[in-house]
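In the numbering used here, the protein residues as written are 111 to 452.
Reviewing the structure listed below.
Structure follows, in structure tokens:
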């Protein structure tokens with residue numbers, strides 16, 4: 111009983127002391143405006159420990175520029191359950207290569223990248239494969255990084271990419287889709303940071319490997335109507351304010367096909383880049399892409415950052431079953447570009 115009375119007395123004293131020390135150093139009557147509060151002199155209370163600041167973590171979708179970091183987890187390529195990797199199960203294909211992956215979410219889209227690095231020759235070209243449905247592009251990039259060194263970055267939008275839908279990444283809530291090669295914008299800093307996580311990207315030769323639909327659409331061309339009812343605007347016969355073609359004269363393999371070509375980005379009216387001039391002299395199908403403003407592609411992003419970047423897009427028609435001819439065309443172009451634009 112005496113102990114309980116003592117506790118009540120101590121609590122009463124503590125309560126009176128706390129009430130004597132205003133929390134904000136001022137007193138306001140009920141209904142008094144905040145700007146009319148007058149400071150009230152009070153006795154200085156014993157110093158209290160500073161409060162612990164609770165700072166909410168930055169959302170994963172909107173990282174500050176200085177907090178971006180890349181975490182790639184090493185993986186065994188022979189165990190990856192992805193169609194690209196399943197087609198390349200021979201252990202000899204992966205000898206000397208280090209493979210890693212990263213997954214992240216940004217702007218409502220979940221992303222999955224594979225990075226393949228030549229452990230012996232890591233300073234070679236940067237091989238970019240942004241479209242998961244372009245199977246021959248994966249094969250050529252894998253062969254290229256194994257043979258010529260460097261780093262390959264692969265975008266995986268689905269484990270089974272045998273459809274045109276694999277070209278796009280679908281929003282987590284199903285509200286839309288995005289072409290990965292239109293996501294290199296200021297709204298996607300984590301995407302850009304992770305994709306370009308190889309060291310010294312702008313000092314490397316950048317090879318972006320693609321396949322395209324045969325022919326071209328008449329509506330995409332200022333040089334005359336389409337003769338084959340094709341789709342898109344990737345053809346050496348297409349010209350417009352952005353695409354300026356320089357067709358091969360001899361049309362030797364692999365340029366005996368209008369959809370097999372190289373694209374070099376340039377600033378408007380700047381003329382072909384140094385590499386572009388070399389390829390033109392070698393009788394390649396060359397298209398100069400005039401970068402007026404970014405369209406969200408990797409070529410536009412790098413060119414606007416550094417006009418001296420050595421960047422070449424390799425294009426060949428979409429693969430047929432077996433991919434043999436498409437792979438051969440892409441590989442021939444890649445080896446020629448590496449030999450001429452080191």
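Glycine is no exception: its CB is placed at the ideal position from the N, C-alpha and C atoms.
Q: Assess, as a yes-or-no matter, whether the stretch 396-404 is touched by the stretch 276-286 under the definition of 3 or more beta carbon pairs within less than 8 angstroms.
A: no
Q | Exposure of residue 229, with buried meaning 16 or more beta-carbon neighbours within 10 Å | A | exposed
Q) For residue 211, which beta-bridge partners are listed by DSSP? A) 183 and 224
Q) residue 241: which of 251, 450, 234 and 181 sits nearest, CA to CA? A) 251
Q: Report yes or no: is there a C-beta of chain B within less than 9 angstroms of the C-beta of residue 211?
A: Among the chains of the structure shown, chain B does not appear; only one protein chain is present.
(Q) Just list the residues that DSSP pairs residue 219 with in beta bridges. (A) 216
Q: State yes or no: is the C-beta of residue 317 within less than 9 angstroms of the C-beta of residue 209?
A: no
Q) Just the Cα atoms here: how many angstroms apart are residue 390 and residue 382? A) 9 angstroms
Q) Does the pairing of the stretch 415-430 with the stretch 347-355 give three or more beta-carbon distances under 8 angstroms? A) no
Q) Quick one: is residue 243 buried, meaning 16 or more other Cβ sit within 10 Å of its Cβ, or exposed? A) buried
Q: Would you kindly work out how many angstroms separate the C-alpha atoms of residue 421 and residue 191, rounded to a whole number?
A: 31 angstroms
Q) Going straight from the alpha carbon of residue 219 to that of residue 247, what length do you get? A) 23 angstroms
Q.
Counting C-beta neighbours from all protein chains within 10 Å, is the total for residue 441 16 or more, i.e. buried, or is it exposed?
A. buried
Q.
Which same chain residues end up closer than 6 angstroms to residue 233 when comparing Cβ atoms and leaving out the 5 residues on each side of it in sequence?
A. none
Q | CA-to-CA distance, residue 393 to residue 356, given in whole angstroms | A | 9 angstroms
Q) Candidates 439, 405, 184 and 451: which alpha carbon is nearest residue 369's? A) 439
Q: Would you decide whether residue 237 is buried or exposed? Buried here means 16 or more other CB atoms lie within 10 Å of its CB.
A: buried
Q) With burial defined as no fewer than 16 other Cβ atoms inside 10 Å of the residue's Cβ, what is the status of residue 221: buried or exposed? A) buried
Q.
What residue range does the beta strand (DSSP E) around residue 263 cover?
A. 261-265
Q. Does the separation of the CB atoms of residue 262 and residue 225 fall below 9 angstroms?
A. yes
Q) What are the start and end residues of each continuous beta strand (DSSP E) run of 3 or more residues lying completely inside the stretch 265-321, in chain order? A) none
Q | residue 324 versus 371, 312 and 302, residue with shortest Cα-Cα distance | A | 371
Q.
Give me the residue from 408, 288, 326 and 312 with the minimum Cα distance to residue 216.
A. 288
Q: Could you tell me which residues DSSP puts in a beta bridge with residue 425?
A: 320 and 371
Q. Hey, how far is the Cα of residue 303 from the Cα of residue 326?
A. 33 angstroms
Q) In chain order, what residues of the same chain lie with their CB nearer than 6 angstroms to the CB of residue 341, ignoring the 5 residues before and after it? A) 323 and 327
Q.
Going by DSSP in three states, residue 159 sits in which element: helix, strand or coil?
A. Note on residue 159: pLDDT 33, under 50, position unreliable in the model; the coordinate value appears next. In this structure, residue 159 counts as coil in the three-state DSSP scheme.
Q: Could you check which residue in 180, 214 and 358 has the C-alpha nearest to that of residue 387?
A: 358
Q | DSSP-derived helix/strand/coil call for residue 399 | A | strand
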